[in-house]
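Participant: Would you mind keeping the following structure in view while I ask a few things?
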Amino acid sequence: MKLTDKIYIAGHRGMVGGAIKRRLETLGYTNIITRTSAELDLRVQADVNAFFAEEQPDYVFLAAAKVGGIHANNTYRAEFLYDNLIMESNIIHASWQNNVTKLMFLGSSCIYPKLAPQPLKESSLLTGPLEYTNEPYAIAKIAGIKLCEAYRDQYGCNFISVMPTNLYGVGDNYHPENSHVLPALIRKFHEAKEAGKPAVTIWGTGTPKREFLFADDLADACVYLMLHYDGKELVNIGTGEDLTIRELAETVKEVVCFEGSLEFDTSMPDGTPRKLMDVSKLHGLGWQHSTGLKEGIVAAYADYLKKRQSYFNVV
C-alpha cells in the first residue's frame with residue numbers, strides 16, 4: 001500500500017473509521033477518499049456501484065456499520081441485521097467488480113458463541129449459539145466474514161477480516177440508551193457528578209468480564225495488518241486483558257472524579273458472561289496494543305467533554 005494509493009474508508013465519521021483515517025494521515029497517506037451517509041447511502045447498491053466505478057479505490061477499509069450497546073442491539077433487531085448485511089454486501093461485491101487490490105472487513109467479538117471457551121480463539125467461530133441480545137448484529141458480521149472468504153475462494157480477492165474487541169475512544173457515541181457500556185458509564189458518572197447525585201446505577205450484576213481496546217490502537221493494528229497480513233483466516237484484535245464491569249465502573253468513577261457510590265440493577269441483562277479475545281495470532285504477526293485502559297479513558301473523557309459542550313449545549 002503506497003502512500004499515493006487511493007484508499008476508501010467506509011464509515012470515516014464513526015469512531016473506528018475516524019481513527020483509521022487519523023492513523024493513515026499520520027503515516028503520510030495522501031489519497032484518502034470518504035463519503036458521508038448523506039452523500040452515499042451504502043444500503044443502495046446502485047449508488048455504491050456508481051461510486052466504486054467512478055472512484056476506483058485501490059484499498060478499502062470497511063468500517064461502516066450500524067452499531068450500539070445491548071439495548072440498541074436488542075431493540076432494533078431488524079435494522080441491525082438488514083442494514084449491516086446490505087452495506088457490507090454492497091461494498092464487498094463492488095470491490096470485487098472494480099478490482100480493489102485489498103479490502104479489510106471489520107467485524108466484532110460478538111460473532112463468537114455465547115459460551116465459547118475463553119479466551120476466544122478465531123477457530124471458535126460457528127461452534128455454538130450466539131448471545132441472543134446481539135444475535136442479529138453478530139449474524140450480519142459473520143456473513144461479512146464469509147463473504148470475504150467466498151470472494152477470495154471463488155475470485156481470488158485479497159479480502160481479509162479482523163475482529164476487534166470492545167472499543168472506546170475519541171469519536172465514541174454517548175447516547176444514554178444506544179451507546180456501549182464504557183461511553184455510557186462516562187456520561188452517567190459525569191452527569192451524576194454535575195447533579196450532585198449520591199450514587200450511579202449500573203445495569204446488571206457487575207460481574208461480567210470485558211476487554212477494552214482504545215480505538216486509535218485498533219486503527220494502528222488495522223493499518224499494520226493491511227500492510228502485513230494476507231491470510232484467509234480472520235484475526236482477533238484486542239489487548240488480551242479483561243476486567244469486570246464493576247472494576248470498569250470504578251475506573252471510570254475515578255477518572256471522572258465522582259465521589260458517590262455504585263449501585264447495580266440486577267433486573268437488567270448482563271449479556272455474555274465473558275468476552276476475552278485470544279490475541280496470540282495477532283502478537284505472532286508482530287503487533288501489540290500500547291494504550292493502557294486508564295490512559296485511554298482519560299482521553300475518552302476529554303473527548304466526551306468536548307462533545308458535550310458542542311452537542312448538548314452544556315458549558
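The C-terminal residue of the sequence shown carries number 315 in UniProt numbering, and the numbering is unbroken.
For each residue, glycine too, the CB sits at the ideal point set by N, CA and C.
All values reported here derive from a predicted model rather than from experimental measurement.
Quick one: which unbroken beta strand (DSSP E) runs of 3-plus residues sit fully inside the segment 203 to 289? Chain order, please.
Facilitator: 212 to 214, 235 to 237 and 261 to 265
Participant: The alpha helix (DSSP H) spanning residue 318 covers which residue range?
Facilitator: With the chain covering only 1 through 315, there is no way to say anything about residue 318.
Participant: Quick check: what's the CA-CA separation for S109 versus F212?
Facilitator: 11 Å
Participant: What distance in whole Å lies between the Cβ atoms of G204 and D270, which are believed to be in contact at a cut-off of 8 Å?
Facilitator: 4 Å
Participant: Which full runs of the beta strand (DSSP E) of 3+ residues lie inside the segment 80 to 119, going along the chain?
Facilitator: 102 to 106
Participant: Taking A94 and N49 to be in contact with their CB atoms under 8 Å, please state how far apart those CB atoms are, rounded to whole angstroms.
Facilitator: Confirmed, about 5 Å.
Participant: In its own chain, which residues sit with a C-beta less than 6 Å from the C-beta of Q45, not counting the 5 before and 5 after it?
Facilitator: N90
Participant: By DSSP's criteria, A10 is part of a beta bridge. Which residues make up the other side?
Facilitator: DSSP lists L62 as partners of A10.
Participant: Just mark K188 as buried or exposed, buried being the case when its beta carbon has 16 or more other beta carbons within 10 Å.
Facilitator: buried
Participant: Would you call the CB atoms of A300 and V16 closer than 7 Å?
Facilitator: Between A300 and V16, the gap from beta carbon to beta carbon reaches 7 Å or more.
Participant: Where does S124 sit, in a helix, a strand or coil, going by DSSP?
Facilitator: helix
Participant: So, at 7 Å on beta carbons, what are the nonlocal neighbours of A302 in its own chain, with the 5 sequence-adjacent residues on each side left out?
Facilitator: none
Participant: Is DSSP giving T26 helix, strand or coil here?
Facilitator: DSSP places T26 within a helical segment (H, G or I) once states are collapsed to three.
Participant: Could you compute how far the alpha carbon of C25 sits from the alpha carbon of A72?
Facilitator: Sequence check: residue 25 is Glu here, not Cys. Annotation: E25 to A72 spans about 32 Å, alpha carbon to alpha carbon.
Participant: DSSP three-state label for M163, please.
Facilitator: If DSSP states are grouped into helix, strand and coil, M163 belongs with the strands.
Participant: Helix, strand or coil: how does DSSP classify T36 here?
Facilitator: coil
Participant: How is A181 classed by DSSP in three states: helix, strand or coil?
Facilitator: Residue 181 is actually Val in this sequence, not Ala. Helix, per DSSP.
Participant: Can you list, in chain order, the residues of its chain whose CB lies under 8 Å from that of L40, leaving out five sequence neighbours each side?
Facilitator: Counting only Cβ-Cβ distances below 8 Å, and skipping sequence neighbours, we find D47, V48 and F51.
Participant: In the DSSP output, what is A53 paired with across the bridge?
Facilitator: According to DSSP, which records beta bridges pairwise, A53 is partnered with nothing at all.
Participant: Does the segment 186 to 200 touch the segment 136 to 147, meaning 3 or more C-beta pairs lie closer than 8 Å?
Facilitator: Remark: fewer than three beta-carbon pairs, one from each stretch, lie closer than 8 Å, so the segment 136 to 147 and the segment 186 to 200 are not flagged as touching.
Participant: In the DSSP assignment, find the unbroken alpha helix (DSSP H) run with R152 in it and report its ends.
Facilitator: E135 to Y155
Participant: Give the range of the alpha helix (DSSP H) segment to which T75 is assigned.
Facilitator: Counting along the chain, the alpha helix (DSSP H) containing T75 begins and ends at I70 to T75.
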